[in-house]
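Q: Here it is, the structure in full.
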Amino acid sequence: MATIPLTTYGAEKLKEELYRLKGVERHAVIAAISEARAQGDLSENAEYEAAKDKQGFIEGRILDIEGKLAAALIINPAEVDAGGRIVFGTTVDLEEESSGAQVTYQIVGDDEADLKLGKVSISSPIARALIGKEEGDVANVQAPGGVKSYEVVRVRYV
Numbered sequence: 228m229a230t231i232p233l234t235t236y237g238a239e240k241l242k243e244e245l246y247r248l249k250g251v252e253r254h255a256v257i258a259a260i261s262e263a264r265a266q267g268d269l270s271e272n273a274e275y276e277a278a279k280d281k282q283g284f285i286e287g288r289i290l291d292i293e294g295k296l297a298a299a300l301i302i303n304p305a306e307v308d309a310g311g312r313i314v315f316g317t318t319v320d321l322e323e324e325s326s327g328a329q330v331t332y333q334i335v336g337d338d339e340a341d342l343k344l345g346k347v348s349i350s351s352p353i354a355r356a357l358i359g360k361e362e363g364d365v366a367n368v369q370a371p372g373g374v375k376s377y378e379v380v381r382v383r384y385v
C-alpha cells in the first residue's frame, strides 16, 4: 500500500473526524434506525431508509479515514530541513509574473487541501510545478486559462 502524506495538522483533523464519527454520529444513527423500526412497516418508512443510508455513509467514511491514517506518512513542516527547497508541507510566497499578484500557499495532502485557506494539494498542478524550486526560481503552471508563471519569493517551513 502506498503511503499518504499528511501534515501533523491534517492527521489531527482526520483523527478528530474519526472520533466524532465513531463516538457521536454512529450512535445517533443507530438510535434513529431503532426509532424508525419502532414505527412498524419498514417497506414504506422513509425515515428508516434515510437512517440506513446515513449509516452506510458513516461506516464508509470511518473505513476511509482508518485506511488513510494507517497508510499515513505524517510530516511536521516545522521539522523539515530541505535546504530552502520547496517540499511537502512547505509554505511558499509567490508572485505571478504577469500581474504582480502575491499569493501564499502551503503544500498539503489531498484531504487537507482548501484553497480558501491557502492550502494546495500535493497532487495539484501548482504544487507539482513548485516541488524542488527555491527562492528566486520561476515555476510555470498549466492552468485552465493557459500557462502562468510564478516567481518564488519566500520559502518557509512552519
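Counting in the numbering used here, the sequence shown runs from 228 upward without gaps. Glycine residues also receive a C-beta, built at the ideal position from the N, C-alpha and C atoms.
Compute the distance between the beta-carbons of residue 353 and residue 315, then report whether it is under 8 Å.
A: no
Q: Would residue 335 pass as a contact of residue 346 if the rule is Cβ separation under 8 Å?
A: yes
Q: DSSP three-state call for residue 266: helix, strand or coil?
A: coil
Q: Let me check one thing: in DSSP terms, what residues is residue 381 bridge-paired to?
A: 320
Q: Could you pull out every unbroken beta strand (DSSP E) segment of at least 3 residues lying fully inside the stretch 245–305, listed in chain order?
A: 299–302
Q: For the ligand GTP, I want to know if residue 333 counts as a neighbour, meaning its beta carbon is within less than 7 Å of at least one of the ligand's heavy atoms.
A: This structure simply doesn't include the ligand GTP, nor any ligand for that matter.
Q: Below 8 Å between beta carbons: does that hold for residue 313 and residue 233?
A: no
Q: Compute the beta-carbon to beta-carbon distance between residue 338 and residue 295, rounded to the nearest angstrom, for a pair I have assumed lies under 8 Å.
A: 7 Å
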